[in-house]
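One structure below.
Protein chains: 2
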Amino acid sequence: MNQRADAGQLKPGDLSYGDFRHWHPSEIRKAIREGRWSRVTHGLAPGYVHANLAILPERYAFDFMRFCFRNPKPCPLIDVTDPGDPEPRRAAPGADIRTDLGKYKVYRDGKYTGEVPHLKDVWRKDHVAFVLGCSASFDDAMLDAGIPMQHLEQEGGRIPVYISNIPCQPAGIFQGPMVISMRPIRQDLVVKAVEVTSRYPIAHGAPVHIGDPAKVGIADLAKPQWSVYTPLKDNEVPVYWACGVTPQSIAMAAGIPEMYTHAAGWMFITDLRLNAASIISG
Amino acid sequence: MNQRADAGQLKPGDLSYGDFRHWHPSEIRKAIREGRWSRVTHGLAPGYVHANLAILPERYAFDFMRFCFRNPKPCPLIDVTDPGDPEPRRAAPGADIRTDLGKYKVYRDGKYTGEVPHLKDVWRKDHVAFVLGCSASFDDAMLDAGIPMQHLEQEGGRIPVYISNIPCQPAGIFQGPMVISMRPIRQDLVVKAVEVTSRYPIAHGAPVHIGDPAKVGIADLAKPQWSVYTPLKDNEVPVYWACGVTPQSIAMAAGIPEMYTHAAGWMFITDLRLNAASIISG
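Structure below.
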């Protein structure tokens, strides 16, 4: 499984994957903060919730929070910070959202403008960070249930991502179609894949569609809008889950003046155990 | 079970309880809106989610929504309207939050100032309505599981409510202790009561405490801050659940200039089936 973390350059002083993988998330975040780990996070801290990040000005935060609430499959909300507070106190006490991811994307006026290694210089007291669940979290649960995850055997552990024709529930300025990911699942394991993932609503939960790509507005499965196509084997069915790219896509479409997110594959690793956090009784 | 709905005066033209109880929520709301039902809602529309209501100016809405998110047991969020939109589109499409409850409480500068029969005259375009789950919703589930609910056999179906010493997670201006309700549960059914209620996170979920009232800051069980005491029988244990009075108590403590809520026992009846809405996969 070492190939999961092979994306990104190994630099002198980097930790080796074997040592690092089973450290506590707070130690992994510290290593990332100090520049000792500069690769993607897939496969690190198994059993802990990995998360998407979106940072917006407070002015848009109530609209965005309602959007997440109304669209829990693409936007499973794990934490929301107080304006100006860089610590996600619910998901990772002691963490600093400005430094604890390896790479961030910057958006201006709805357009992607580049990546930065931290947000220390741009953080303001009206910034609000939204921490959103990520489907990488349930890959281990699928493997535990005996469901092979083809994409994990490939470089970087990436899955193809598409803009669907499924409308999100709008909230204020935020509206648009749901972005979805596809995993090839063996025909006889499709029901089990639904059962397993439905237990993890904070990691996008149950699929949004099974089978025919045209039904969810995908013209050509081999041409995803993001990431790389995972070809289907003869005995496999395409199964689609709501994707954490949705909030980025929606916020870009709304043309908001400023947004920061994680870079693809460089996730925020929380202190939450997936199984415990999936018990939603509060 | 007719005694459940006996609080409030029966007026000429009121529907009789037997006819009315099993109507669809949209029809019940219409009857309430038209003044044909002017009693409490306990026992109506069994199997549907009954809800608490809090209406605040938009200026406080993001703080309040974060408060609910961080305190899901006292404040299980079912719907949040867009500013100025009186229709809770997720919980009850077609409903009007200004008219579809029988009685509303008015608060000014953190103080209760009286009750009104509707909010048509005071509603503004910066008002945001929060619809929050209510424990009345799970009484039927408890009865189905064979757990006697002593308070349902009494006038008005009310349960004693206390200010606890359990701190809520603060959010912006909102902070303070959790308000909790107490139900006497037969000793041999306490585990079952936890199992049943833990399935309904949108109706306050599992208890917050079992047993000794002093442990949660209650000096005298016979003296609740709200409602009436239900004396314990010899074989009963006091079991405590987070209570929907919490957000009112917190908002009053914050001294916000303006708030409207449901009146005690006069709940908002949603179109959501309790069992379906408790599947949280989005």
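Line by line, the protein sequences give chains X and F. So the first sequence is numbered by the numbering used here: it starts at 1468 and just counts up by one. So the second sequence is numbered by the numbering used here: it starts at 1468 and just counts up by one. C-beta: ideal position from N, C-alpha, C; glycine also.
Just list the beta strand (DSSP E) runs in the stretch 1691 to 1733 of chain F, keeping only unbroken ones of 3 residues or longer that don't cross its boundaries, in chain order. Runs of the beta strand (DSSP E) lying entirely within the stretch 1691 to 1733 of chain F, each at least 3 residues long, are 1703 to 1709 and 1725 to 1729 in chain order.
Beta-carbon within less than 6 Å of F:Tyr-1527's beta-carbon, same chain only, minus the 5 sequence neighbours each way: which residues are those? Cβ neighbours of F:Tyr-1527 within its own chain (closer than 6 Å, five residues either side excluded): Ile-1723.
Nearest-angstrom Cα distance between X:Trp-1733 and X:Pro-1714? Distance from the CA of X:Trp-1733 to the CA of X:Pro-1714, rounded to the nearest whole angstrom, comes to 16 Å.
Is the beta carbon of X:Pro-1651 closer than 7 Å to that of X:Leu-1699? In this structure, X:Leu-1699 places its C-beta atom within 7 Å of the C-beta atom of X:Pro-1651.
When you check each C-beta in the stretch 1518 to 1544 of chain F against every C-beta of chain X, which residues fall closer than 8 Å? Listed in sequence order: Glu-1525, Ala-1528, Phe-1529, Met-1532, Arg-1533, Phe-1536, Arg-1537, Asn-1538, Pro-1539, Lys-1540, Pro-1543 and Leu-1544.
Please confirm whether F:Val-1547 has its beta-carbon closer than 7 Å to some beta-carbon of chain X. Closer than 7 Å to some Cβ of chain X, the Cβ of F:Val-1547 qualifies, so yes.
Determine the closest residue to F:Pro-1524 out of F:Gln-1617, F:Arg-1496, F:Lys-1587 and F:Val-1595, with distance taken between C-alpha atoms. Comparing Cα positions, the closest option is F:Val-1595.
Three-way DSSP call (helix, strand, coil) for F:Val-1595 in this model: DSSP, read as helix, strand or coil, puts F:Val-1595 in strand.
What does X:Leu-1414 pair with, by DSSP beta-bridge criteria? Residue 1414 of chain X cannot be examined here, being either before or after the span of chain X that is shown, 1468 to 1749.
Under a three-way DSSP split, which group does X:Ser-1493 fall into? Here X:Ser-1493 sits in helix by DSSP.
Taking the alpha carbon of X:Ile-1685 as the point to measure from, which residue in X:Pro-1644, X:Gly-1672 and X:Ala-1720 has its own alpha carbon closest? Of all alpha-carbon atoms in X:Pro-1644, X:Gly-1672 and X:Ala-1720, the one lying nearest the alpha-carbon of X:Ile-1685 is that of X:Pro-1644.
Residue from X:Pro-1674, X:Phe-1536 and X:Ala-1558 with nearest C-alpha to X:Val-1661: Residue X:Pro-1674 holds the alpha-carbon nearest to the alpha-carbon of X:Val-1661 among X:Pro-1674, X:Phe-1536 and X:Ala-1558.
Scan the stretch 1625 to 1640 of chain F for residues whose Cβ lies nearer than 8 Å to a Cβ of chain X and list them as they occur along the chain. Correct list: Gln-1636, Ala-1638 and Gly-1639.
How should F:Lys-1578 be labelled, buried or exposed, when 16 other C-beta atoms within 10 angstroms of its C-beta is the threshold for buried? Counting Cβ neighbours within 10 Å, F:Lys-1578 comes out exposed, since fewer than 16 surround it.
Out of F:Asp-1563, F:Val-1573 and F:Ser-1648, state which residue places its alpha-carbon closest to the alpha-carbon of F:Asn-1633. First, the residue type needs correcting, since residue 1633 of chain F is Ile and not Asn in the sequence shown. It is F:Ser-1648.
Helix or strand or just coil, what does DSSP make of X:Ser-1665? Residue state, collapsed to three classes: helix.
Neighbour list for X:Arg-1753 in chain F, Cβ cutoff strictly below 9 Å: Because chain X in this structure spans residues 1468 to 1749, residue 1753 of chain X falls outside the shown range and cannot be described.
X:Ala-1559 by DSSP, collapsed to three states: which one? The answer is coil: DSSP assigns X:Ala-1559 none of H, G, I, E or B.
Sequence-distant residues of its chain with Cβ nearer than 7 Å to F:Ile-1669 (five each side left out): Only Val-1516, Pro-1543, Ile-1545, Gly-1600, Ala-1744 and Ser-1745 meet the Cβ criterion.
Sufficient close CB pairs (3 or more, under 8 Å) joining the stretch 1528 to 1543 of chain F to the stretch 1705 to 1712 of chain F: These segments touch.
Spatial neighbours of F:Ala-1559 in its chain, beta-carbon cut-off 6 Å, leaving aside the 5 residues before and after: Residues Thr-1737 and Asp-1738 of the same chain have their beta carbon placed closer than 6 Å to that of F:Ala-1559, with the five preceding and five following residues left out of the count.
Can you tell which of X:Gln-1642, X:Asp-1552 and X:Val-1547 has its C-alpha closest to the C-alpha of X:Leu-1586? Comparing Cα positions, the closest option is X:Asp-1552.
Look up X:Gly-1613 in the DSSP assignment and say whether it is helix, strand or coil. Coil, per DSSP.
Establish whether the CB of F:Ala-1681 and some CB of chain C are separated by less than 7 Å. Of the protein chains in the structure, X and F, none is chain C.
Starting from F:Leu-1544, follow its DSSP beta bridges and name the residues at the other end. Note: F:Leu-1544 sits in a beta bridge opposite F:Leu-1599.
Rounded distance between the beta-carbons of F:Phe-1534 and F:Phe-1641, thought under 8 Å: F:Phe-1641 to F:Phe-1534, Cβ: 4 Å. Contact.
Could you spell out the range, first to last residue, of the alpha helix (DSSP H) harbouring X:Arg-1740? It is not in any alpha helix (DSSP H) - X:Arg-1740 instead sits in the beta strand (DSSP E) that spans 1735 to 1740.
What's the gap between the Cα of X:Arg-1506 and the Cα of X:Gly-1569? Linking X:Arg-1506 to X:Gly-1569 through their CA atoms gives a straight-line distance of about 7 Å.
Measure the alpha-carbon distance for X:Pro-1637 versus F:Val-1547 and round it to whole angstroms. Using only the alpha carbons, I get a separation of about 12 Å.
Between the CA atoms of F:Met-1726 and F:Ala-1718 - distance to the nearest angstrom: A straight-line Cα-Cα distance of about 8 Å links F:Ala-1718 and F:Met-1726.
Do you know how far the Cα of F:Asp-1655 is from the Cα of F:Ala-1474? Low confidence applies here, because F:Ala-1474 scores a pLDDT of 47, under 50, leaving its location unreliable; read the following figure in that light. Straight-line Cα distance between these residues: approximately 32 Å.
Between the Cα of X:Ser-1716 and the Cα atoms of X:Arg-1653, X:Asp-1576, X:Gln-1617 and X:Phe-1529, which residue gives the shortest distance? The shortest Cα separation from X:Ser-1716 among X:Arg-1653, X:Asp-1576, X:Gln-1617 and X:Phe-1529 belongs to X:Asp-1576.
F:Arg-1533 - containing alpha helix (DSSP H), residue span: Per DSSP, F:Arg-1533 belongs to the alpha helix (DSSP H) from 1528 to 1537.
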